[in-house]
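102 is the number that the numbering used here gives to position 91 of the sequence shown; each next residue is one higher, with no gaps.
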Amino acid sequence: MSSHRRLHVIGFAALTLASMLCAAGRPHAQTATAETGVRDTLKRYSAALESLDANAVKKVQPSIPADNLAKAFKDMRELKVAIDAVKVLSIDGNKARVSCRVTQTLTPRVGSKQTTAVTRVMRLQRTADVWVIDGFER
């Protein structure tokens, strides 16, 4: 085999290997992008709750009854929400499951401040390029 032909074969093999490696990296990149979107959704969710705006919460969690939430918000002076200990349990296409700790400090208009912390598993759904909360498992 001529040296020119050998270089051509080696070059083709290198290009094939490079394209296989790039293709293998795509699912990881897609998963990382999805994970970033999921984490951003949790931040939007806590900010929406803290705003005491039922319509803002409904944008992040479309299934929530906004009227009931608006009534509950009227009795609140302040709501602080911290979401931490986030663990992405699974991402499968347009669906994700996330475990996280949600700590809420509620200051009612009448009465004393109350803090609760609970670990929740949330189901999220991606519609277009936006993740929303589909529901809670616990």
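We treat Cβ as the ideally placed atom computed from N, Cα and C, and that holds for glycine.
Arg50 carries a helical assignment under DSSP once its states are collapsed to helix, strand and coil. Under the DSSP assignment, Leu117 falls in the beta strand (DSSP E) whose first and last residues are 106-119. Bridge partners of Val129 according to DSSP: Val113. Boundaries of the alpha helix (DSSP H) around Ala67: 65-71.
The shortest C-alpha to C-alpha distance from Ala45 to any of Gly122, Lys91, Val129, Arg108 is the one to Arg108. The shortest CA-to-CA distance from Lys98 to any of Ser123, Met133, Ala58 is the one to Met133. Taking 7 Å as the cut-off, the beta carbon of Val68 is found closer than this to the beta carbon of Leu80. Take the alpha-carbon of Thr127 and the one of Ala139: they are about 34 Å apart.
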